[in-house]
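S.K.: Taking numbering that gives the first Met the number 0, the leading residue of the sequence shown gets 0, the next gets one more, and so forth.
All C-beta atoms, glycine included, are put in the ideal place defined by N, C-alpha and C.
These figures come from a predicted structure and were not determined experimentally.
One structure is given below, represented as structure tokens, and several questions about it will come after.
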Amino acid sequence: MIITLTPNPSLDRTVTLAGPLVRGGVNRLQSVTTEPGGKGLNVARVLARAGEAVTAVLPAPEHDPLVTAVKALDAPGLSTIPVDVAGAVRINTAVTEPDGTTTKLNEPGATLTDAEVAAVEAALSRAVEAGAPVGAGADTHSWAILSGSLPPGAPTDWYARLVGLLRRAAPGLRIAVDTSDAPLAALAAALPEAAPDLIKPNGEELGQLAGLPPERATALEEGALAGDYAPVAQAARVLVDRGVGAVLATLGGAGAVLATASGAWRATAPAVPVISTVGAGDSSVAGYILADVHGAAAPECLATAMAYGSAAAGLPGTTLPGPADLSTQAAEITEL
Numbered sequence: 000m001i002i003t004l005t006p007n008p009s010l011d012r013t014v015t016l017a018g019p020l021v022r023g024g025v026n027r028l029q030s031v032t033t034e035p036g037g038k039g040l041n042v043a044r045v046l047a048r049a050g051e052a053v054t055a056v057l058p059a060p061e062h063d064p065l066v067t068a069v070k071a072l073d074a075p076g077l078s079t080i081p082v083d084v085a086g087a088v089r090i091n092t093a094v095t096e097p098d099g100t101t102t103k104l105n106e107p108g109a110t111l112t113d114a115e116v117a118a119v120e121a122a123l124s125r126a127v128e129a130g131a132p133v134g135a136g137a138d139t140h141s142w143a144i145l146s147g148s149l150p151p152g153a154p155t156d157w158y159a160r161l162v163g164l165l166r167r168a169a170p171g172l173r174i175a176v177d178t179s180d181a182p183l184a185a186l187a188a189a190l191p192e193a194a195p196d197l198i199k200p201n202g203e204e205l206g207q208l209a210g211l212p213p214e215r216a217t218a219l220e221e222g223a224l225a226g227d228y229a230p231v232a233q234a235a236r237v238l239v240d241r242g243v244g245a246v247l248a249t250l251g252g253a254g255a256v257l258a259t260a261s262g263a264w265r266a267t268a269p270a271v272p273v274i275s276t277v278g279a280g281d282s283s284v285a286g287y288i289l290a291d292v293h294g295a296a297a298p299e300c301l302a303t304a305m306a307y308g309s310a311a312a313g314l315p316g317t318t319l320p321g322p323a324d325l326s327t328q329a330a331e332i333t334e335l
């Protein structure tokens, strides 16, 4: 069983420029694409392309263009549970330049009422309880992936609350959380009671969560680019010591670091031309989950996460990778 929750889904509009973005000037568009998006939905789509059965829970009216777009996807393993809300799904715009630089213009999303928040929680609980028995097979794992920003009206600590709700609904269920800013800080403040099995911060977010001063948090990714991964691993171990099962820190061109109670490893990024970074982090999460449900050990989960994240960066616009898009160059894994 794999279930994703996208609290703030979107229709993602990607405009590709023929040249560098000119602020205040006229920019000619090379192409325009629109696809269903939101971090949890992106994870679900990558997993479905890899042959996994995934259920995506999202607040959206049944006849919203987003729901229609998801149903139109060629993704037989992907099913959706739209939770009826009053507001329409937001539209996000990504502007991609030829060198891969991506500028995102994200709408805040429709405001959820307290009743709508409760309806989403109920739908998520029902989906988990209706799934395959947790721990039914020695080589499989059940996951719930909670991803993305929170819409207006949602409590800042919603992810922390949802972790507790899911623990009660399905003991043994593995939970991943990928978010940022205030919701991520609220989750960290609720540790260890609300500790998920996987979080995926970037370098700066990891430093903030570990309690580093702002200048040191910002320097984590810069240090990794220079070859010094030890501070990243140390910061990740702080969160593991506070109950988080695994910390997958994505570091852009410096690759990624994974820390668990068993150890820490770094992965180098395969050499691929960066076309668009949209969905790269979500693809990394999907790669990790994909390896884990097939019984892979932590280093292989990291390698698969790196492979999928790098593949996404090498694809145009909002295109998400499938197995055929993975580089033949495997990520180099080193124990730290």
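1) Taking only runs that begin and end inside the stretch 18-73, name each unbroken alpha helix (DSSP H) of 4 or more residues, in chain order.
2) To the nearest angstrom, report how far apart V256 and G99 are at their CA atoms.
3) Pick out the complete beta strand (DSSP E) segments inside the stretch 92-135, 3 residues or longer, and give them in chain order.
4) By how many angstroms is the C-alpha of R125 removed from the C-alpha of L111?
5) Determine the extent of the beta strand (DSSP E) in which R215 is found, giving its start and end residues.
6) Within the 8 Å Cβ cut-off, does A109 reach chain B?
7) Quick check: the Cα distance between R160 and S148, rounded to an integer number of angstroms?
8) If you drop the 5 nearest sequence neighbours on each side, which residues of the same chain put their C-beta closer than 7 Å to that of T333?
9) Throw me the rounded Cβ distance for the I288 and I1 pair, which I believe falls under 8 Å.
10) Report, in whole angstroms, the separation of the C-beta atoms of A248 and L186, which I expect to be a contact under 8 Å.
11) Expressed to the nearest angstrom, what Euclidean distance is found between the alpha-carbon atoms of P298 and G222?
12) Just mark T67 as buried or exposed, buried being the case when its beta carbon has 16 or more other beta carbons within 10 Å.
13) Nearest-angstrom Cα distance between L65 and N105?
14) At which residues does the alpha helix (DSSP H) containing L289 begin and terminate?
15) The alpha helix (DSSP H) spanning G163 covers which residue range?
16) Starting from I174, follow its DSSP beta bridges and name the residues at the other end.
17) Hey, how far is the Cα of P320 from the Cα of V231?
18) With distances taken between CB atoms, is the gap from K144 to T3 smaller than 8 Å?
19) Secondary structure at R89, three-state DSSP: helix, strand or coil?
20) Are at least three pairs of beta-carbons, each pair with one atom in the stretch 298-309 and one in the stretch 275-283, less than 8 Å apart?
21) Would you report the Cα separation of G163 and D156, rounded to the nearest angstrom?
22) Where Q207 and Q29 are concerned, what is the direct C-alpha to C-alpha distance, given to the nearest angstrom?
23) Counting C-beta neighbours from all protein chains within 10 Å, is the total for S275 16 or more, i.e. buried, or is it exposed?
M.R.: Checking against the coordinates, here is how it stands:
1) Complete alpha helix (DSSP H) runs here, min 4: 38-48, 64-70.
2) Cα-Cα distance, rounded: 23 Å.
3) Counting only runs of 3 or more, we get 101-104.
4) C-alpha separation (whole angstroms): 20 Å.
5) Where R215 is concerned, there is no enclosing beta strand (DSSP E), although the alpha helix (DSSP H) it sits in stretches over 213-224.
6) The chain labelled as chain B is not found in the depicted structure, where only one protein chain is given.
7) CA-CA distance, R160 to S148, rounds to 15 Å.
8) Around T333, the same chain offers W264, R265 as residues with beta carbons nearer than 7 Å, after the five sequence neighbours per side are excluded.
9) Cβ atoms of I288 and I1 come within 8 Å of each other, at about 7 Å.
10) No, A248 and L186 are not in contact; Cβ-Cβ is about 15 Å, not under 8 Å.
11) Separation of P298 and G222 (C-alpha to C-alpha, rounded to the nearest whole angstrom) is 22 Å.
12) It counts as exposed.
13) The C-alpha of L65 lies about 15 Å from the C-alpha of N105.
14) Start and end: 279-292.
15) Per DSSP, the continuous alpha helix (DSSP H) segment holding G163 begins and ends at 157-168.
16) Partner(s): A143.
17) Going by the C-alpha atoms only, they are around 27 Å apart.
18) For the record, residue 144 in the displayed sequence is Ile; it is not Lys. I144 is a Cβ neighbour of T3, given a cutoff of 8 Å.
19) DSSP, reduced to helix, strand and coil, places R89 within a strand of the structure shown.
20) Output reads yes: the stretch 275-283 touches the stretch 298-309.
21) If I take the Cα positions, the gap works out to 11 Å.
22) In this structure, the straight-line span from the alpha carbon of Q207 to that of Q29 is close to 38 Å.
23) Flag for S275 reads buried.
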